[in-house]
Amino acid sequence: MKILRPEKTLKDSFVIEPGQKMHLVIYSNQDTTTDLSFKLKNNAKISIQCIILNSGSFKFHFEQDENSELVFNGAFALRYEQELNFGYTTIQLGRNSKSHFELVGTLDDKAKKISSETIDFKVGATNAEGYEAEKVTLLSNETQNVAKPIILCAEENMHGEHNFSSGHLDPETIDYLRARGVNPESVKRIISREQILRVAKLCKNEAIIQEIEEALK
Amino acid sequence: MSYRAADGLNKALIRDISRRKNEPEWMLDFRLKCLEMYHQIDAPSWGPDLSGLDIAHISNYVQPDSKMVSSWEEVPVGIRQSFEDLGIPEAEREGLAGVGAQYDSELVYHNIKQATAKTGVVYLGIEEALNHPKYAEIFKEHFMQLVPPSDHKFAALHGALWSGGSFVYVPKNTSVEFPLQSYYRFNAPGAGQFEHTLIILEEGADLHFIEGCSAPRYNVANLHAGCVEIFVGKSAHIKYSTVESWSKNMYNLNTKRAIVAEGGKIEWVSGSFGSRVSMLYPMGILNGRGAGMEYTGVSLAGSDQDLDTGAKVVISAPDCYALLNSKSIAKNGGKNTFRSLVKVLKNANNSRVFMDCKSLICDSQSRTDTIPVFNIRAKNADVAHEASVGKISEEQINYLRTRGLSEDAAKSLIVQGFTANITKELPVEYAVEMNNYLKLSMEKNL
Amino acid sequence: MAKEFFEVKNLKVSTDETELLHGVDFSLPSGSTTLLTGANGAGKSTLLKLIMGISPLRTSGKILLNSKDITKLPPERRAKLGIFLSFQEPVAIPGLSVSEMLRSSTEALGKKMSYMDFKLHLCELLEKLGLDPFVAKRDINTSFSGGEKKKLEILQLLMLEPKLVLLDEIDSGLDTKANELISKTLADYQQKTGATFLVVSHNLRILKHLTPSQKLVLEDGLIHKDEA
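Residue numbers (the working numbering), protein chains in the order written: chain A, 13 to 229; chain B, 136 to 581; chain C, 3 to 230.
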């Protein structure tokens, strides 16, 4: 497993050789401009957990050859006047390539998020599958949530799906927590925290999970 | 005597059009300002390739050999035949409250059933409304206010060249029992059509308006840059249905927009099957509490077609809702793009938007792209979107083949089923036409 | 020796990784009922799909119907020759009503009847199968219960009047009453038309009114008769 803590700028590219696996954890708690690209060769696999707790600009670019698999789980919690610019593109070139992308997050105070997720199925990506999902909870009326979930398709024999949702805290959840003595402000923090930790726990690294838990306190 | 303006877009043409129509001075000034704007605004940097469209060589005004009449028998035989082949007069007798038929740039037939007229419903040729002592004021107040010419290059072009179209006014609490219909037919090669539809619904009014379009195929490009503006009053409701099967030399760059007041509702139903290029995004501006918009669209792009369609909704009031449902099919090298904008502003509390897009791609020569954009600022608004892209299910094809259908017939039935939720929104004769077109298209590799 | 109505000869089937059927041989006499059993995953459904012509797997061998070699025929031609497969998992086609589908199928199979006659016949069959008349307008296999979907398979069978009926677990998911109805309906159909049945069933409930004249077992990629 590789852990990246992007500083002010981070630009890097990775090639995952045929049959190899890569596990990457990205944890960002400071303003950053991060630009990462990945080439997945035949039968390569990559799993990424990306936790974002501050402003930043993130670009992820993937190219997938035959039988490659990409799983990306991202989570963010923004507040004050933090701003996140998030771009994700996967170009599925090869037969049986698979991609699975999920991004969850909360926006509070005057925070703003602009995201663009693109799955691009090229001719030749026979039996390829691509999935992207984004779920954002708005915790104040001053936030802005902009999203552009895109599917481009030139191959007949494939399947692509995306889901997007933006909404507020479920009133039943709020009532339940408040009935347990949790005040409204704390409800927001609990929800944000819980979403971040759910993704963080996917990395199965206790040290980094604890570090993130501390940062969320 | 029929008249065709020389090719090219210039002030002299504009003045000529305005003079022939006996327009008031303000309209000529408006047209000239639009022409200026047209030259200043750039063409969109996104979307289909418009390089095949040479405005300078599109004859922007074609007046057919007929004046507007209100009795079908007075329409010249050649023009009448063209519409009779499309079933227009029959449809009027059977199930419509009124019909407008536009041939190239001019309205040749406009009629409104007497019963409908008695309720105070006004359905006029739009140029009649422009000069009408009773409606001129309301026309001026509303014309190109919802779609200002500065909106985009082809809105400006429309403002400069508009000709023909319909004006509809439905008074308070009046429900128009049968649909009103306009039908546009292009006959002249290399011509442009710029009809304008202006619909005003007072509080509690209810209307179904149907728009149909067709044109024979020519080798030179034709341009359709029409405009539809709809003002939906408090608790009023309109369903606006379009079935478009322009021929494949057509550039269809139509702008449709509705503004909806408190409790009102706009339903857009859209079938796009024709044109070489389409850029079509019916839009709703929901700025009254509880306003609603529904969009149901189907698009079939075959060979040599690039259809870029979708919908836009802007919500700026609380408790509003929008439901958008799109189905698209790309085959034989066709290109389909679903493009949308959902903008939920800060005061759109408790508003709800649900959007569902499904696309079928039938072969690897074709292309289908889904490009939705969301911009959400209201904390208590719920927005959800699902999209899927895939091929026609092999399982479904095989199931039907085991029941005796050929592969092509199976695909055709599956596609009809895929688009069934749209056809059921259309009047029967349009639904039948749409299904026939789908069937023919799937089976004949169009 | 009299020619059998239906024969499978030395049928081999393989995927990219493995050979599923190693040379299956069996025959079905005209008007008979044959029960085919075997463990889960043995290849029974695969075999029925092969007979119907909708299996994508690599095959060799011969399939003969009335001595005619149908091995290379597409499924719609086999349907026209009178073969019918009742699916274990009937396929949903949203937007396509039961009525539209049946109308298209009957026309494709050359069964000439007026629209009124078609509708009347459809209503009769729906009633016979204990299905609501509004079922005709609903989308095929969409939002139906498991039992209803099986009844819809039988509805199609009765409408299309095949000579060779392949039943893939028709009794799975049926309650006692529905099973009784379907079993009886199939038996009546066979008696009236002389159709030949090949029945795949685990729980054997469908055999309440059907009497198999032979029992076959598919095991280890081969078929043998069950003499028990």
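Beta carbons: idealized from backbone N, C-alpha and C, even for Gly. What you are looking at is a predicted structure, and each value in this text was computed from that prediction instead of being measured.
The beta carbon of V10 of chain C sits no closer than 8 Å to any beta carbon of chain B. For F274 of chain B, no chain A residue has a Cβ inside 8 Å of its Cβ, as the nearest lies near 38 Å away.
The alpha-carbon of G106 of chain A is positioned some 44 Å away from that of I401 of chain B. Contact between the region 32 to 50 of chain C and the region 115 to 134 of chain C is absent, with fewer than three C-beta pairs closer than 8 Å. Here K391 of chain B has V363 and P417 as same chain residues with Cβ atoms under 6 Å from its own Cβ, once five neighbours each way along the sequence are excluded. Of C:G55, C:K113, C:T195 and C:Q90, the smallest CA-CA separation from P76 of chain C is found for C:G55.
Counting only Cβ-Cβ distances below 9 Å, A522 of chain B has contacts in chain A at P161, I163, G172, E173, H174, N175 and F176, in chain order. Taking the beta carbon of T155 of chain A as reference, the chain B residues within 9 Å of it are I511, R512 and K514, listed in sequence order. C-alpha of S203 of chain C to C-alpha of P214 of chain C: approximately 12 Å in a straight line. Between the alpha carbons of A189 of chain C and A138 of chain C lies a gap of roughly 24 Å. Closer than 8 Å to the CB of S106 of chain C there is at least one CB belonging to chain B.
Taking the Cβ atoms as the reference, L200 of chain C lies roughly 12 Å from L67 of chain C, outside the contact range of under 8 Å. Residue-level contact check: G539 of chain B touches chain C, since one or more beta carbons of chain C fall below 8 Å from its beta carbon.
Against chain B, a Cβ distance below 7 Å from G45 of chain C picks out nothing, because the smallest value is about 18 Å.
When the Cα atoms are used, Y456 of chain B and S116 of chain C turn out to be separated by approximately 46 Å.
The count of Cβ pairs closer than 8 Å, one atom from the region 526 to 537 of chain B and one from the region 71 to 90 of chain C, reaches three, so the stretches are in contact.
At least one beta carbon of chain B lies nearer than 8 Å to the beta carbon of H180 of chain A.
Under the DSSP definition of a beta bridge, Q280 of chain B lacks any partner.
The Cβ atoms of A219 of chain A and L65 of chain A lie no closer than 8 Å to each other.
In terms of Cβ geometry, I149 of chain B and A295 of chain B form a close pair [threshold 8 Å]. Annotation: L224 of chain C to D170 of chain C spans about 18 Å, alpha carbon to alpha carbon. Minimum Cα-Cα distance from Y100 of chain A among the listed residues A:K71, A:T46, A:L119 and A:N41 corresponds to A:K71.
Remark: three or more beta-carbon pairs, one from each stretch, lie closer than 8 Å, so the region 301 to 320 of chain B and the region 328 to 337 of chain B are flagged as touching. Against chain A, the CB of A264 of chain B has no partner CB under 8 Å away; the residue lies outside that interface.
Counting the other CB atoms within 10 Å of its CB gives S147 of chain C a total below 16, which places it among the exposed residues. By a beta-carbon distance limit of 8 Å, L90 of chain A contacts K125 of chain A. Their separation comes to about 6 Å. Against chain B, a Cβ distance below 7 Å from S152 of chain A picks out K514. Counting only the Cα atoms, S475 of chain B lies some 16 Å from L421 of chain B.
Contact annotation: the region 448 to 455 of chain B does not touch the region 495 to 504 of chain B, with fewer than three C-beta pairs closer than 8 Å. S152 of chain A and D121 of chain A have their C-alpha atoms roughly 6 Å apart.
Below the 7 Å Cβ cutoff, chain B contributes K526 as neighbours of N169 of chain A, in chain order. Assigned with DSSP and collapsed to three states, K526 of chain B falls in coil, not helix or strand. It is roughly 45 Å from the alpha-carbon of G425 of chain B to the alpha-carbon of C215 of chain A. Counting the other Cβ atoms within 10 Å of the Cβ of L122 of chain C gives fewer than 16, which makes it exposed.
When the alpha-carbon of A522 of chain B is set against those of A:F113, A:I162 and A:E29, the nearest one is in A:I162. In the DSSP annotation of this structure, the continuous segment of the alpha helix (DSSP H) that includes P77 of chain C starts and ends at P77 to K82.
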